[in-house]
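The numbering of the sequence shown is our numbering, which starts it at 58 and goes up by one.
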Amino acid sequence: MGARRSRLLLPPPHAALPDQANRGPDRPRPQPSQRPRRDVARLEGEGVDRVRIAVLGAGGTIAPAIVRDLAASEEVESLRLLDLDLEKAEDVASAHGGGKAEAKRVDATDGLEQELEGAAALVNSASYRINMAAMEACLVAGCHYIDLGGLYHVSHQQLGLSDRFAEAGLTAMLGVGSAPGKTNLLAARAVRELGATPETITVGAAGRDHDPPDGPSFPYAVQTLLDEITLAPMAVLGGETRELEPLQPGPTLDFGEPIGAAETIYTLHSEVLTFTESFGAANVTFALSLRPQVLGELKQLAVASDDQVAEATRTALPASGKTVSVHLVEAIAGDVAVRARSVTPPHPEWGLGGGIVSTASPAAAAVRLLARGEIDTRGAVPPERCIDPDAMFAELETRGVSFDFTTVPADQVGPTPEEVGQ
């Protein structure tokens, strides 16, 4: 695909950490709960069940489904939709806010904390590159934080803020989308059903549009997708963190209906960062399956100029309302494996496809669980360390998501760590 563009390296202040391949998987531990500060205690007080929520990146691809879900949540009193593009945020407020939403123009790196005044939590659906700035604003404003993931390296930086969030009596949930997010909790449930420390956890994600538009269309942010296919994927193999080659082929996975067997590639994801510490797994991989046409378009953009990427982003057609998302997690110990699967179908009541709802619904569900006092871990943590999977799955089932868990012989899953490392 040609040389990788230097523009895809993480820019200041989120520069890539040195010596990534030799750094072991994440080791921070969750901080113990502390008495909440007075300005956030409203999330846990008896009889208090309605909160004010801010959504950053409200004009983006995933935010409309987050806003629609939160607007339909009785725990949410009002929504403040924040974006650099005020017109887009206003459109989302009008179309999906249910009369609860107001839009504001904000730069996440300049004055965000002022717009968070009075908010119980910030849901950050903007680019992962501003995650650190958004977390700093939450610390100043005294509100909880939820995002959709930090693409491994930024997630590592975010975990470094855990002590500060814990000392402030605040929770920062890192990566509560579909992958990471749902996948983390599928892993937690699979490990529980396995009843033993897993030797290997494999994660697979697939999405398809069953009525794709006649032109380029992408399942989520183009820049994030480009980073996923051009930055070196990370894997844990034999307890050691290793870099794989960008676009390295992964296994052909059977995602079940309605996608079936599909080819994958290994990509950079934060599940690989936290699963060894969370579950004790010595081998962790993440593989993504994209529609071949989408992958081909991304390969072309990977060697394009900045202006060409910006134009492709601007002119990309929205996905149809008939997208579907499937996630597959396999936890293996000895000769036994537990296979956990989730399927998010289209959501016609909202006029939104399953691909968008799949990423949005876990973040909205986390807000509800937080508001009801069902999440009490403090600090900056991945979802498997602060959210009960059964509580999350019960919330997601009300949004049309289905789950199944099966125990199978280990030789029916794969690939082996040796095959990944070849």
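Glycine residues also receive a C-beta, built at the ideal position from the N, C-alpha and C atoms. Computed from a prediction, not measured in an experiment: that's the story for all the values here.
Within the same chain, show all residues whose beta-carbon is closer than 6 angstroms to that of residue i, passing over the 5 residues directly before and after it, in chain order.
i, result
"V383", "A263, F312, I316, V400"
"E172", "L139, K161, V163"
"S459", "V400"
"A266", "According to the sequence displayed, residue 266 carries Asp and not Ala. For D266, where only same-chain residues beyond five positions count, the Cβ hits under 6 angstroms are A376, S377, T380."
"W407", "R125"
"A253", "A390"
"G155", "A128"
"P446", "L242, A245, R246"
"A314", "The sequence as given places Glu at residue 314; Ala does not occur at that position. Same-chain partners within the cutoff: there are none."
Give every residue of the same chain whose Cβ lies closer than 8 angstroms to the Cβ of residue i, excluding the five residues on either side of it in the sequence, and list them in chain order.
i, result
"A344", "T259, V260, G261, A262, G307, P308, L310, T321, I322, Y323, T324"
"A191", "L113, A165, L169, L179, N181, A183, Y202, D204"
"E285", "L208, T324, L325, H326, L345"
"S135", "R109, I110, K157, A158, E159"
"L358", "V279, L283, Q365, V366, A369"
"R299", "A78, M291, A292, V293, G478"
"V424", "V108, I110, L127, S130, E132, V133, A178, V180, I203"
"G471", "T259, P308"
"T455", "none"
Any idea which residues DSSP pairs residue i with across the strands?
i, result
"S377", "None, per the DSSP bridge assignment."
"R246", "Bridge partners of R246: none, in fact."
"L310", "A319"
"D140", "R162"
"P402", "Answer by DSSP bridge pairing: none, since P402 is not bridged."
"T464", "V395"
"D204", "N181"
"A437", "A229"
"R265", "V381"
"E170", "E170 pairs with nothing; no bridge assigned."
"I110", "L136, A178"
"T259", "T342, E387"
"A292", "R299"
Shortest alpha-carbon distance to residue i belongs to which of the options?
i, options, result
"T464", "V197, R249, L136", "R249"
"M291", "D461, K379, V341", "V341"
"A318", "R348, D392, T333", "R348"
"R137", "V124, A129, S130", "V124"
"L143", "A115, N188, L231", "A115"
"G295", "V360, V477, A339", "A339"
"T287", "L301, Y277, F275, V293", "L301"
"A122", "R435, H404, C443", "H404"
"H210", "R429, M189, T333", "M189"
"A361", "S335, V279, E297", "V279"
"L242", "A428, G337, F332", "F332"
"K145", "D167, G117, P270, V366", "G117"
"L409", "A194, D167, P276", "P276"
"V293", "E334, A253, T455", "E334"
"A417", "A428, L453, E297", "L453"
"Q350", "P270, E314, A225, V424", "P270"
"A428", "A177, E297, A129", "A177"
Output needed for residue i: all residues of its chain with C-beta closer than 7 angstroms, excluding positions within five of it in sequence on either side, in chain order.
i, result
"P402", "V381, G411, G457"
"A448", "L426, E431"
"T473", "none"
"P273", "E354, A369, A373, L374"
"A388", "A244, A247, V248, L251, P255, I258, A394, V395"
"R221", "L196"
"C443", "P87, T228, M230, I432, T434"
"E193", "none"
"G217", "none"
Using a threshold of 7 angstroms, state whether the C-beta atoms of residue i and residue j are closer than that.
i, j, result
"D268", "S415", "no"
"E475", "A390", "no"
"L355", "L304", "no"
"L127", "A421", "yes"
"E328", "P237", "yes"
"D392", "A467", "yes"
"I110", "V133", "yes"
"L231", "Q214", "no"
"G19", "G175", "Here the chain covers residues 58 to 479 and nothing more, so residue 19 does not appear."
"A397", "F336", "no"
"L330", "S212", "yes"
"V386", "T240", "yes"
Check whether the Cβ of residue i lies closer than 6 angstroms to any heavy atom of the ligand PLP, and answer yes or no.
i, result
"E452", "In terms of ligand content, the structure shown is empty, and the ligand PLP therefore cannot be addressed."
For the 8 angstroms Cβ check, are there 3 or more pairs between the region 434 to 441 and the region 144 to 152?
Touching, no, given that fewer than three Cβ pairs across the two stretches are closer than 8 angstroms.
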